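Enquirer: I am attaching a structure below and will ask some questions about it afterwards.
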Amino acid sequence: MKLRILSVLLVLAIVLVGCVPLPQAQSAVPTDAGGSRAPVGVTVMQGLRVLKPAVFNNTVSVLGTTATVTNGAAFAIAGSWQPITAAGAVTPTITIPAAGIVACIENTAAQTITIADSGNQVLTAVFAMGQYDVLCGYSDGTRFIETSRANN
36 MKLRILSVLL
46 VLAIVLVGCV
56 PLPQAQSAVP
66 TDAGGSRAPV
76 GVTVMQGLRV
86 LKPAVFNNTV
96 SVLGTTATVT
106 NGAAFAIAGS
116 WQPITAAGAV
126 TPTITIPAAG
136 IVACIENTAA
146 QTITIADSGN
156 QVLTAVFAMG
166 QYDVLCGYSD
176 GTRFIETSRA
186 NN
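What follows is the structure in structure tokens.
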């Protein structure tokens, strides 16, 4: 009889435990108020629109401040889209960004800005950038390597 009561109590305990919802594990990927998943450090609203600057795998996702370049002087890439301008025709050099950075450089000036294919600037060929021309590249930490260009 005792065995039968213990068996009934055990079955009853198993049924009751099965009816109680267990706490869910927390997601490793945060969500916004609408439940959309977003990488850590990124706020997402209305689909995939990024609302604040972020870094994805060493890619700076901000518009760089326009850099005024001069002949023979190096300029730094401060964003994934780096506008450059000059007072006249110049041939500046690129300060090599950290390894893994991908960036595009846009000439916003009416003057020709020439980026040489030499030293740590590994290009297809010399690029005489006219206004709105774009040079994109990748840094391995020691070189800026061209990935594409647009002659606009």
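According to the working numbering, the sequence shown is numbered sequentially starting from 36.
Here a beta-carbon is modelled for each residue, glycine too, at the ideal position from N, C-alpha and C.
Being a predicted model, the structure only gives us computed values, none of them experimental.
(1) Could you give the C-beta distance for A134 and G176, rounded to a whole number, given that I count them as a contact under 8 angstroms?
(2) Between G123 and N142, is the Cβ-Cβ spacing less than 8 angstroms?
(3) How would you call T78, buried or exposed, if buried means at least 16 neighbouring beta carbons within 10 angstroms?
(4) Are the beta-carbon atoms belonging to I129 and I112 less than 8 angstroms from one another?
(5) Where T103 and G114 are concerned, what is the direct C-alpha to C-alpha distance, given to the nearest angstrom?
(6) Cutting at 6 angstroms between CB atoms, please list the residues of its own chain near C139, excluding the five before and the five after it.
(7) Between which two residues does the beta strand (DSSP E) holding R184 run?
(8) Leaving out five residues before and five after A109 in sequence, what residues of the same chain have Cβ atoms less than 8 angstroms from its Cβ?
(9) Between A209 and the rest of its own chain, which residues show a CB-CB distance below 7 angstroms, the 5 nearest in sequence each way excluded?
(10) So P127 is in the beta strand (DSSP E); what residue range does that whole segment cover?
(11) Less than 8 angstroms separating the beta-carbons of I180 and V161?
(12) Got a sec? Which residues, its chain only, sit under 7 angstroms from N186 by beta carbon, not counting five neighbours each side?
Expert: Short version:
(1) The beta carbons of A134 and G176 sit about 3 angstroms from each other, so the pair counts as a contact at 8 angstroms.
(2) no
(3) With a pLDDT of 47 at T78, under the threshold of 50, the modelled position of this residue cannot be trusted; read the value that follows with caution. The residue is exposed, with fewer than 16 neighbouring Cβ atoms inside 10 Å.
(4) yes
(5) 15 angstroms
(6) W116, V169 and C171
(7) F179 to A185
(8) So the qualifying residues of the chain are P127, T128, I129 and T130.
(9) Residue 209 lies beyond the range of the chain shown here (36 to 187); nothing can be said about it.
(10) Here P127 belongs to no beta strand (DSSP E), and DSSP marks it neither H nor E.
(11) no
(12) D168
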